Amino acid sequence: MDLNVERLAVSFSNVNIVKDVSLKVRNKQFVGLIGPNGCGKSTLLKSIYKVIKPKQGNVFLSDLDVIKASPKAVAQKLGVVGQFNELSFDFTVREMAAMGRTPHKGMLETDNRQDHEIVTSALRMVNLEGHSERSYNSLSGGEKQRVILARVLAQQPEFMILDEPTNHLDIKYQLQILNIVKKLDIGILAALHDLTLAAEYCDYLYVMKQGQVAASGRPEDILTKELIGQVFDVACETYRNPVTGALGIAYLETR
Ligand code: ADP
Ligand code: MG
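What follows is the structure in structure tokens.
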């Protein structure tokens, strides 16, 4: 399933936050969105997953016109892990994960054995099958994030959008979440905070600055010290990881 975003623009009280952004995720690519705080990544993603109505532009998931389609039709195909996942009511871990089945059910249809198995397998994938009766609000930040991921896995989406899914997590859990997502073998668009992880996991990157795409390309082609200096305003050197050969970034003092 491909994502095609065409000339998207979003403004809040006449301030343009996302300006004419076009991007593509082709069949099963893992595409990263990077850029400094406040450049418009979350706003762009929200306008793609229907939380914000864009002022201009189109969003297509293969043939599905996301802006015109019903939320349920979109939720049958698209899974989202947002940036903040606080809850005012408490649910158990299993109840939270089971919510992922909702888009596939009729209004009064209850979960059947197959739904139950899908939810169990989603909890197993994030290593939470032993915690299914725990209360969500009692979990640590990393565990909560894994429950949210289990909910999206139970949704069985054909495409996934993630907004800084590993923020505030220990490196072990950052890697775990990215590994689970990568293994799904579906199209992914993810805003990522950590440039080294973005380089390691992404097939292609879009770099945003002040609401626009400042650069795009394969990580090893575009993550140069010049671009990082321009976009993030820090001095750095790039290097190769001595073990994996992956691109690494060594930050020098901030300017
Ligand atoms: P990022 O995710 O790249 O850090 P955001 O998309 O969250 O950036 O924010 C981009 C800009 O849009 C920021 O200046 C932010 O203050 C502004 N913004 C975000 N949401 C709203 C809103 N609902 N109303 C007004 N301004 C907003
Ligand atoms: Mg954001």
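Counting with the working numbering, you get residues -15 to 239 for the letters of the sequence shown.
Glycine included, every Cβ here is placed at the ideal spot set by N, Cα and C.
As the structure is a computational prediction, the values presented were derived from the model and not from experiment.
- A distance below 7 Å between beta-carbons, with the five flanking residues on each side excluded, links Lys56 to the following residues of its chain, in chain order: Pro87.
- Under the three-state reduction of DSSP output, Ala230 falls in the coil class, being neither helix nor strand.
- Considering only Leu176, Gln194, Gly195 and Gln196, the residue with the shortest C-alpha distance to Tyr188 is Leu176.
- Here Arg135 is buried, its C-beta having at least 16 other C-beta atoms within 10 Å.
- If only complete runs of 4 or more residues are kept, the segment 19 to 107 shows the alpha helix (DSSP H) at 25 to 32, 55 to 59 and 77 to 82, in order along the chain.
- Sixteen is the threshold: since fewer than 16 other Cβ atoms of the shown chains lie within 10 Å of the Cβ of Gly125, the residue is exposed.
- Between the alpha carbons of Asp154 and Thr94 lies a distance of about 37 Å.
- When the Cα atoms are used, Asp205 and Met91 turn out to be separated by approximately 49 Å.
- Judged by beta-carbon spacing, Lys209 lies beyond the 7 Å limit of Gly19, meaning their Cβ atoms are not closer than that value.
- Ile161 and Phe143 do not touch by the CB rule: their CB atoms are close to 17 Å apart, not below 8 Å.
- Distances from the alpha-carbon of Ala59 to those of Tyr33, Lys39, Val9 and Glu221 put Tyr33 closest.
- Residue side-chain check: Ile1 places its Cβ nearer than 6 Å to a non-hydrogen atom of the ligand ADP.
- Per DSSP, the unbroken alpha helix (DSSP H) holding Leu181 starts and ends at Leu179 to Tyr185.
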